[in-house]
Amino acid sequence: TGFKHDYAKIKKLDSGKFGKVYLCEDSVSREQFAVKRLKKEAFKDTKNIRQLYNEVSILRKVKHPNIIKLFKIYEDNATISLVLEYIPNGNLLSRIQRRIKFTANEVMIFSKKLFETLRYLHSQGIIHRDLKPENILMTSSVSDCEFKLCDFGLACYVDKALKSKSGSPGYIAPEILRGNSYSTKADIFSAGVIIYILISGIPPFYSKQSEKVMKKNKDCKVSFSKNEFKGISPLLIQFITELLNPEPAFRPTAEQVLGHSWMHLACCSES
Ligand code: ADP
Ligand code: MG
Ligand code: MG
Numbered sequence: 010t011g012f013k014h015d016y017a018k019i020k021k022l023d024s025g026k027f028g029k030v031y032l033c034e035d036s037v038s039r040e041q042f043a044v045k046r047l048k049k050e051a052f053k054d055t056k057n058i059r060q061l062y063n064e065v066s067i068l069r070k071v072k073h074p075n076i077i078k079l080f081k082i083y084e085d086n087a088t089i090s091l092v093l094e095y096i097p098n099g100n101l102l103s104r105i106q107r108r109i110k111f112t113a114n115e116v117m118i119f120s121k122k123l124f125e126t127l128r129y130l131h132s133q134g135i136i137h138r139d140l141k142p143e144n145i146l147m148t149s150s151v152s153d154c155e156f157k158l159c160d161f162g163l164a165c166y167v168d169k170a171l172k173s174k175s176g177s178p179g180y181i182a183p184e185i186l187r188g189n190s191y192s193t194k195a196d197i198f199s200a201g202v203i204i205y206i207l208i209s210g211i212p213p214f215y216s217k218q219s220e221k222v223m224k225k226n227k228d229c230k231v232s233f234s235k236n237e238f239k240g241i242s243p244l245l246i247q248f249i250t251e252l253l254n255p256e257p258a259f260r261p262t263a264e265q266v267l268g269h270s271w272m273h274l275a276c277c278s279e280s
């Protein structure tokens, strides 16, 4: 059997740089899945093709309640199709665009889950390298806190001192942009950018021109405008500042973040 025999395509959900994501239905069980179809042609050079198989092998290995599940893989000469669990409520970016701000309590619960997910990934020696709202899928239409992390297209293992520049402008740890070696701390920085946005509704490194976003991201000067951060506790501002520390050695690990006093407020308020 092949993909066309096993699944019926229902609609296109999204399209990315290397392929498209479709909503599909199992022809027999009628269960719905999201299928990420990657065109091999887009990965022509050998460095990229390794990256393509990386996404598959890392997704196959990970198992966590907040990480998207990979069920099956189909491969032919031109494409690889990843059959993923379907998350029907859109990604965090569209949620941000609609609601603009989240309450500190919602962000607390969300952050706790995000750092638990990162603690898991990092304990497996995996760096996601592309944490951003588009890659966080919302599992519930009512609660803002339930999510599944997706898109392991840039994920990699930490075993070697990494130097290749990788990530999305505005979310990249400055050590990566400076061309230094980096590790799991790079994900902590990107998570800090996401939390900054959830609280304030605005990105910490912003310009209409993408080159300027990159420059601000690299310079890494973070300010908390009085307007957007009105009423936000100094403890939360200190927490975000620690996540966005330009020096990775001084940035906390996921484990340390989960021990932060701001996180303990989340533990109490969740029950
Ligand atoms: P890319 O590497 O091209 O960014 P992603 O894996 O991030 O590909 O998928 C692109 C978009 O498709 C996501 O931002 C999300 O909106 C949608 N998407 C991806 N996987 C799923 C899924 N399992 N369920 C629902 N939507 C998904
Ligand atoms: Mg993506
Ligand atoms: Mg990707």
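Following the working numbering, the numbering of the sequence shown begins with 10 at its first residue and continues without gaps. Just so you know, even glycine gets a beta-carbon here, dropped at the ideal spot from N, CA and C.
DSSP places Val116 in the uninterrupted alpha helix (DSSP H) bounded by Ala113 to Ser132.
Shown here for Ile204: same chain residues with a beta carbon closer than 7 Å to its own, the five before and five after excluded, namely Val116, Ser120, Ile249 and Leu252 in chain order.
In this structure, Leu79 has its beta carbon at no less than 7 Å from each heavy atom of ligand 3. Short note on Asn144: C-beta closer than 7 Å to some heavy atom of ligand 2. Judged by pairs of C-beta atoms under 8 Å, the segment 177 to 197 does not touch the segment 98 to 108, as fewer than three such pairs exist. Relative to the non-hydrogen atoms of ligand 3, the Cβ of Gly179 never comes closer than 7 Å to any of them.
DSSP, reduced to helix, strand and coil, places Thr10 outside both helices and strands of the structure shown, so it counts as coil. Restricting attention to Phe42, Glu256, Ala200 and Gly240, the CA atom closest to the CA of Arg138 is found in Ala200.
Residue Cys154 holds the alpha-carbon nearest to the alpha-carbon of Thr112 among Pro212, Cys154, Lys78 and Glu143. Counting only residues of its own chain and dropping the five nearest sequence neighbours on each side, Pro212 has a CB closer than 6 Å to the CB of Gly179 and Ile206. Here the segment 122 to 142 makes no contact with the segment 222 to 236; the two share fewer than three CB pairs at distances below 8 Å.
When Cβ pairs closer than 8 Å are counted between the two stretches, the segment 258 to 275 is seen to touch the segment 185 to 197, the count reaching three or more. Within its own chain, the residues whose Cβ lies closer than 6 Å to the Cβ of Leu267, once the five positions on either side in sequence are excluded, are Phe124, listed in chain order. DSSP places Arg46 in the uninterrupted beta strand (DSSP E) bounded by Gln41 to Lys48.
Listed in chain order, the non-local C-beta contacts of Ser150 below 7 Å within the same chain comprise Asn98, local neighbours out to five positions each way being set aside. Per the DSSP secondary-structure output, Tyr191 pairs in a beta bridge with Leu171. Nearest neighbour of Tyr16 by Cα position, chosen from Lys49, Glu40 and Phe27, turns out to be Glu40.
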